[in-house]
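Novice: Input: one structure, supplied below.
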Amino acid sequence: MADDEEQPKSSRSSRSAMTSESSRSAKDIQREAQRAEREERRKKRDGRLADESAKKTSSKSKKKSSKPKLSQEEQDAKDAKLGWCAKFGIFMVKLVHFIDGAIGLTFLIYGGLMLTEFENPAMEAAIASLTFGSVLLCTAIMGVIGFTTHHCKRIGLAISGYTAPLIAFFYIFVIIALLTSSGMYFDYLTENKDVMYLNDAEILILKQILPFFYIAMASLAAIEITRFFTLRKIRHKLLAMDAATKRITESHVSSSSRSNKSSKKSSSSRSSKRIGSNRSMLTEPLIEKDEELGGGDSSSEDGDW
Numbered sequence: 121m122a123d124d125e126e127q128p129k130s131s132r133s134s135r136s137a138m139t140s141e142s143s144r145s146a147k148d149i150q151r152e153a154q155r156a157e158r159e160e161r162r163k164k165r166d167g168r169l170a171d172e173s174a175k176k177t178s179s180k181s182k183k184k185s186s187k188p189k190l191s192q193e194e195q196d197a198k199d200a201k202l203g204w205c206a207k208f209g210i211f212m213v214k215l216v217h218f219i220d221g222a223i224g225l226t227f228l229i230y231g232g233l234m235l236t237e238f239e240n241p242a243m244e245a246a247i248a249s250l251t252f253g254s255v256l257l258c259t260a261i262m263g264v265i266g267f268t269t270h271h272c273k274r275i276g277l278a279i280s281g282y283t284a285p286l287i288a289f290f291y292i293f294v295i296i297a298l299l300t301s302s303g304m305y306f307d308y309l310t311e312n313k314d315v316m317y318l319n320d321a322e323i324l325i326l327k328q329i330l331p332f333f334y335i336a337m338a339s340l341a342a343i344e345i346t347r348f349f350t351l352r353k354i355r356h357k358l359l360a361m362d363a364a365t366k367r368i369t370e371s372h373v374s375s376s377s378r379s380n381k382s383s384k385k386s387s388s389s390r391s392s393k394r395i396g397s398n399r400s401m402l403t404e405p406l407i408e409k410d411e412e413l414g415g416g417d418s419s420s421e422d423g424d425w
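The sequence shown begins at 121 in this note's numbering and counts up one residue at a time.
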């Protein structure tokens, strides 16, 4: 009886082991199938990405290849000419330099008069006027030098361009100072009106046009910032034009020297040919005379013999 009871128990345990093994094998099969699907998806995605990158690179290479490469002579001829945009930018920058020079000269004259005409001048206003005026006038002068001469890589334009942010910062500082404490500055003007060539009516007018003054200062600051970026582009364009014109002139000089050398060689060869022909023409009658004399001598000798 005990053996009969043990047999069903062992069969049950074997059945449970078989079912567990079959369930495990089914799970393993499902996992493998999922892994295979994932790998296929990854391969497809990688292939799609590779195709997209290849298309992008091919399109970029086509765009690059579609642009024709210019030779050095063609590039020099292109750089030696200024376009309409560059000419308009140069005109506007020159106009700004003229305005800065006029404002700077006005402030210099005003500050100089305050210092020289009065025994107790308003030193703060005089020093500020002289400093601001000298900076503006120096900027304008350096701009003129940079446009008129191409020496030292047009360093005048570089100096003029890099002073533009400083001038714009000064304008912004004046706007902020007047917005925060305008009463203090007008009190200063009222106290020193005698040594600043002002009166009460003019100070009142300045108070009334203060909003317009803010707009004017903000516009000048924006113009100076624009001048900074425009001058950088113009300077690079002018430097390229200078280099191109230098190469063009050098090529013309070399070609003219070569042509002169070739003309000299041709003239020397022609002169040598002429000399040779003259010599041949001079020697031919002499040869004929020698032949005649030689023939006469031989005949006389035969007769004597």
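Built from N, CA and C at the ideal position, the CB exists for glycine as well.
1. Does the Cβ-Cβ distance between Ala-242 and Met-361 come in under 8 Å?
2. Could you compute how far the alpha carbon of Ile-275 sits from the alpha carbon of Gly-266?
3. Our contact map puts Ile-287 next to Glu-344 with C-beta atoms below 8 Å; I'd like the distance itself, whole angstroms only.
4. Measure the alpha-carbon distance for Gly-281 versus Phe-218 and round it to whole angstroms.
5. Starting from Ile-287, trace the alpha helix (DSSP H) in both directions and tell me its first and last residue.
6. Compare the C-alpha of Pro-285 against each of Arg-352, Leu-299, Ile-210, Leu-202 and name the closest.
7. Taking Phe-208 as part of the alpha helix (DSSP H), name the residues at either end of that continuous run.
8. Between which residues of its own chain and Phe-227 is the CB-CB distance below 6 Å, once the five residues before and five after are set aside?
9. Helix, strand or coil: how does DSSP classify Glu-239 here?
10. Contact check, Ile-354 vs Val-213 under 8 Å by CB: the rounded distance?
11. State buried or exposed for Phe-208, treating a residue as buried only when at least 16 other CB atoms are found within 10 Å of its CB.
12. Specify the secondary structure class of Ser-374 as computed by DSSP and reduced to three states.
13. Does the distance from the CB of Gly-224 to the CB of Ala-260 come in under 8 Å?
14. From the DSSP output, in three-state form, read off Leu-318 for me.
15. Compare the C-alpha of Met-234 against each of Asn-312, Thr-346, Gln-195 and name the closest.
16. Please list, in chain order, all residues of the same chain as Lys-163 whose beta carbon is under 8 Å from its beta carbon, the five residues on each side excluded.
17. Is the beta carbon of Ala-200 less than 8 Å from the beta carbon of Thr-369?
18. Here's the rule I'm using: 16 or more other beta-carbon atoms within 10 Å means buried, otherwise exposed. How should Ala-174 be labelled?
19. In this structure, does DSSP put His-270 in helix, strand or coil?
20. Buried or exposed: where does Gly-167 fall if 16 or more other Cβ atoms within 10 Å of its Cβ makes it buried?
21. Just verifying my parser: in three-state terms, what is the DSSP assignment at Ala-341?
22. Could you work out which residue in Ser-376, Val-373, Lys-357, Ser-374 is closest to Trp-204 when comparing CA atoms only?
23. Classify Tyr-291 as buried or exposed, calling it buried when 16 or more other Cβ atoms lie within 10 Å of its own Cβ.
24. From the DSSP output, in three-state form, read off Ala-353 for me.
25. Rank Glu-194, Glu-172, Glu-159, Thr-283 by C-alpha distance to the C-alpha of Phe-349 and give the top, closest one.
Specialist: Looking at the atomic coordinates:
1. no
2. 6 Å
3. 5 Å
4. 14 Å
5. 275 to 311
6. Arg-352
7. 204 to 236
8. Ser-249, Phe-252, Gly-253
9. coil
10. 6 Å
11. exposed
12. helix
13. yes
14. coil
15. Asn-312
16. none
17. no
18. exposed
19. coil
20. exposed
21. helix
22. Lys-357
23. buried
24. Correcting the residue identity first, residue 353 is Lys in this sequence and not Ala. Three-state DSSP puts Lys-353 in a helix.
25. Thr-283
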